[in-house]
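In our numbering, the protein residues as written are 23 to 350.
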């Protein structure tokens, strides 16, 4: 993947809303024009849940205040993967180092909003909607889908998780949500599934039944597409010890599903590192960097390297001073 102007425009549109004090994503998306759904470009978002400590991921080693406030957990300059004269990567992020050297990694510093909440739940809602204190019912990723494709498009937006994220909630599109591709089918006992499938194929007698038929048909088609894509996917690319659902994204892209927006997560508040942060945080960053590096290599192998961009974010960072438990 080589960065180009149109891809940077797409990311700038997303990141400006996520990182500015006054978030204007709804207006920005409403005014945006997306020729032919951004010419088939694909955006994959990876959420690092739990609040990643950005200061120990991309370390400002040239700033004395960093070591003054983190005398124990601060990572020494000689241990870092140096990017330049000011910043270095956590030593566990060799995968990101390779992407950086290939010109395929960009880092956005200091994304946040004024007067941040220190609640995981509130912060997650803010970052999922990109609209703090607004009461917005739709996610920023869902609104991006609406701006790119103002009319409903089946299987345009995919969320790989055990439950749908607020981030993908859309006014126009019904996100495809699944966890295990080979088991992605209608819930319920076999006779009930067969009956519902039959009802979905009958002629509607009213608008309500037509809506239910459309939903049933869409769900059945999505299930078939995803299971077929996964069954045909074969890759020997190394994603590391925790692939973070990214091979499933690669399988869908390889099968040329119509989706242009994918949302996945490093789950279970993994980055909530309050105690003895050092070794745990480094392992988490290794898992992340290896998985992302593997994904990008896989995408290049599949021939989609110029069409796919991955954006990783966390709902907030950590306090600058270390705590008495050697965490943050």
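Positions of the beta carbon are idealized from the N, C-alpha and C atoms, including for glycine.
Buried versus exposed, by CB contacts within 10 Å (16 or more), residue i
i	result
residue 298	exposed
residue 129	exposed
residue 254	exposed
residue 283	buried
residue 341	exposed
residue 163	buried
residue 307	buried
residue 296	exposed
residue 45	With a pLDDT of 31 at residue 45, under the threshold of 50, the predicted position of this residue should be treated as unreliable, and no value is reported.
residue 158	buried
residue 153	buried
residue 145	buried
residue 131	exposed
residue 243	exposed
residue 48	Annotation note: pLDDT 41 at residue 48 (below 50); position unreliable, no value reported.
CA nearest to the CA of residue i, picked from the options
i	options	result
residue 334	73, 61, 62 and 63	73
residue 20	154, 286 and 199	The structure shown does not extend to residue 20, since the chain is modelled only from 23 to 350, so the question has no answer here.
residue 124	85, 319, 90 and 177	319
residue 280	76, 251 and 264	251
residue 101	69, 116 and 196	116
residue 64	122, 170, 266 and 183	170
residue 202	275, 178, 321 and 185	185
residue 274	300, 290, 337 and 204	204
residue 69	150, 85 and 304	150
residue 311	261, 285, 336 and 157	261
residue 351	104, 78 and 108	As displayed, the chain neither begins before 23 nor continues past 350, which places residue 351 out of reach and without an answer.
residue 166	190, 277 and 293	190
residue 256	288, 188, 277 and 113	277
residue 83	75, 71 and 105	105
residue 271	317, 90, 264 and 178	317
Secondary structure of residue i, DSSP reduced to three states
i	result
residue 331	strand
residue 326	coil
residue 286	strand
residue 80	strand
residue 127	coil
residue 188	helix
residue 110	strand
residue 268	helix
residue 102	coil
residue 65	strand
residue 49	Residue placement at residue 49 is poorly supported in this model, since its pLDDT is 46, which falls under 50; the coordinates are not used for a value here.
residue 205	helix
residue 382	Given that the chain is displayed from residue 23 to residue 350, the structure contains no residue 382 and the question cannot be resolved.
residue 321	helix
residue 146	helix
residue 168	helix
residue 44	Any reading at residue 44 must be qualified, since the residue scores a pLDDT of 24, below 50, and its modelled position is unreliable; no value is offered.
residue 274	helix
residue 294	coil
residue 310	helix
residue 245	helix
residue 211	For residue 211, the predicted model reports a pLDDT of 47, less than 50, meaning its position is unreliable; a value from the coordinates is still stated below. Residue 211: coil per DSSP, three-state reduction.
Residues bridged to residue i (per DSSP)
i	result
residue 182	200
residue 70	288 and 336
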